[in-house]
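**Student:** Take a look at the following structure, please.
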DNA sequence: GTGATTGCAAAGCGTTTGCACCGTA
DNA sequence: TACGGTGCAAACGCTTTGCAATCAC
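Protein chains in written order, with my numbering: chain A, 355 to 499; chain B, 355 to 499.
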């Protein structure tokens, strides 16, 4: 997350969106303002509520479609609740980095003291009391290459 | 992921489940067999299909309920597709570790060359061609403590 | 025997889609 | 003016739930 002021970030995002050929509509601006200014991970429904609270007239569908654009441009990233699950695989998330092949679904769980130590240190540095980890990387496995 | 044989892992899991007071029903055994033997991240529906293919008579609801138990006992962990999203937050997932407070939703994006280097090295060691990263840790933030 | 577990089917809920209208460029 | 974007509402699909029947212990 960069350290620019909210307004500068908003302008940067709008500029990037226009550069990519998107039209700067009021709905889009509203979503950008909400997400760019927030220091919180927001659900689409929360974005909708905040945008509407800020006077904007906007629909659910547009929120989803706009968030998609922001992700596409890498201005925004998605956060995954540890409790939310799409797939299940043997292993204990608290002590492993999971390497997953998005093509075939194969997964390898990797134990790495160094990695865990590093992650713990980062959390401590920022004053967070660590609860859960979600360390997963996605790559094409040897067989699918 | 431990290196034991499938059968031993199945027995270990069943033992742990019984220890926790769960009854070892045919449906539960079927789910355990499928997930413990697989080296793939499976969706609940895939688990269902595989269990049914293996002769078991089992319903969707039971698959969900059984997977919950396995996660609770930390025998299984959930995998999150990079494309699936619950919340959105400013930042670029490819270069950051996200620290999130599950209580208030606050998030801090951390850049760490060492962490990224370590992750890249691990992927390479295992023969994976890295595509996406999902490095997120959850901890109570200073203000919520 | 008895209380946990299951199957079924309905309900739930966030997300996606189709389409006519609107507004940016 | 043209066509990308929007709102609405219906459709969708995975997940959850209620309840009676079942079965592990």
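We put the beta carbon where it would ideally sit given N, CA and C, even for glycine.
1) Any residues in the stretch 363-396 of chain B with a beta carbon nearer than 8 Å to a beta carbon of chain A? Which ones, in chain order?
2) Compare the beta carbon distance of residue 433 of chain A and residue 443 of chain B with 7 Å and say whether it is the shorter of the two.
3) Between the alpha carbons of residue 359 of chain A and residue 387 of chain A, how many angstroms are there, rounded?
4) How about the stretch 442-460 of chain B and the stretch 416-424 of chain B: do they share at least three Cβ pairs that are nearer than 8 Å?
5) Between the stretch 456-472 of chain B and chain A, which residues of the former have a C-beta closer than 8 Å to a C-beta of the latter?
6) Assuming the contact rule is C-beta atoms closer than 8 Å, residue 492 of chain A and residue 448 of chain B should be a hit. Round their C-beta distance to whole Å, please.
7) May I have the straight-line CA-CA distance separating residue 406 of chain A from residue 412 of chain A, to the nearest angstrom?
8) What are the partner residues of residue 452 of chain B, as DSSP defines its beta bridges?
9) Residues of the stretch 474-490 of chain B in Cβ contact with chain A at a cutoff of 7 Å, in chain order, please.
10) For the pair the stretch 460-479 of chain A and the stretch 465-477 of chain B, tell me if three or more CB-CB distances fall below 8 Å.
11) Please work out which residues of its chain come closer than 6 Å, Cβ to Cβ, to residue 381 of chain B, disregarding the five sequence neighbours upstream and downstream, and give them in chain order.
12) Return the first residue and the last residue of the beta strand (DSSP E) that residue 444 of chain A is part of.
13) Near residue 470 of chain A, what residues of its chain come up, given a Cβ to Cβ distance below 6 Å and the 5 sequence neighbours on each side ignored?
14) Any C-beta of chain A sitting closer than 7 Å to the C-beta of residue 449 of chain B?
15) What distance in whole Å lies between the Cβ atoms of residue 389 of chain A and residue 396 of chain A, which are believed to be in contact at a cut-off of 8 Å?
16) Run through the DSSP bridge pairs and tell me what residue 386 of chain B is partnered with.
17) Taking Cβ-Cβ distances below 9 Å as the criterion, which residues of the stretch 397-428 of chain A are in contact with chain B?
18) Quick one, which of B:401, B:429, B:497 and B:375 has its alpha-carbon nearest residue 363 of chain B's?
19) With a threshold of 7 Å between beta-carbons, can residue 361 of chain B be considered close to chain A, or not?
20) Would residue 483 of chain B and residue 494 of chain A qualify as a contact pair, given that the criterion is a beta-carbon distance under 7 Å?
21) Taking the alpha helix (DSSP H) that residue 366 of chain B belongs to, which residues open and close that run?
22) From residue 451 of chain B to residue 451 of chain A, what does the alpha carbon distance come to, in whole angstroms?
23) I'd like the ranges of any beta strand (DSSP E) spanning at least 3 consecutive residues and lying wholly in the stretch 394-431 of chain B.
24) Which one or two residues does DSSP pair with residue 484 of chain B in a beta bridge?
25) Can you give the Cα-Cα distance for residue 361 of chain A and residue 392 of chain A, rounded to whole angstroms?
26) If you compare alpha carbons, which of B:431, B:402, B:410 and B:427 is closest to residue 418 of chain B?
**Tutor:** So, from the data block:
1) Result list: 363, 389, 390, 392, 393, 394, 395 and 396.
2) In this structure, residue 443 of chain B lies closer than 7 Å to residue 433 of chain A by Cβ.
3) When rounded, the distance between both Cα atoms is 12 Å.
4) Flag = no, the stretch 442-460 of chain B and the stretch 416-424 of chain B do not touch.
5) For the stretch 456-472 of chain B, the beta-carbon criterion of a distance under 8 Å to any beta-carbon of chain A is satisfied by 456, 458, 459, 460, 461, 462, 463, 464, 466, 468, 469 and 472.
6) The Cβ separation is near 11 Å, so there is no contact.
7) C-alpha separation (whole angstroms): 7 Å.
8) The partner list for residue 452 of chain B (beta bridge, DSSP) reads B:463 and B:490.
9) Closer than 7 Å at the C-beta level to chain A, one finds these residues of the stretch 474-490 of chain B: 476, 477, 480, 481, 482, 483, 484, 485, 486, 487, 488, 489 and 490.
10) Yes, they touch.
11) Non-local beta-carbon contacts of residue 381 of chain B in its own chain, meaning distances under 6 Å to residues more than five positions away in sequence, involve 412 and 416 in chain order.
12) Bounds of the beta strand (DSSP E) holding residue 444 of chain A are 441-444.
13) For residue 470 of chain A, where only same-chain residues beyond five positions count, there are no Cβ hits under 6 Å.
14) No - not a single Cβ of chain A is within 7 Å of the one on residue 449 of chain B.
15) Contact holds; Cβ gap of about 7 Å.
16) Answer by DSSP bridge pairing: none, since residue 386 of chain B is not bridged.
17) Flagged, chain order: 397, 398, 400, 401, 421, 424, 425 and 428.
18) Answer by Cα proximity: B:429.
19) Chain A, which has no Cβ nearer than 7 Å to the Cβ of residue 361 of chain B, makes this no.
20) Cβ atoms of residue 483 of chain B and residue 494 of chain A: closer than 7 Å.
21) Start and end: 360-373.
22) The alpha-carbon atoms of residue 451 of chain B and residue 451 of chain A are separated by roughly 13 Å.
23) None, since the stretch 394-431 of chain B contains no complete beta strand (DSSP E) of that length.
24) Per DSSP, the beta bridge partners of residue 484 of chain B are A:493.
25) When only Cα atoms are considered, residue 361 of chain A and residue 392 of chain A end up about 12 Å apart.
26) The option with the nearest alpha carbon to residue 418 of chain B is B:402.
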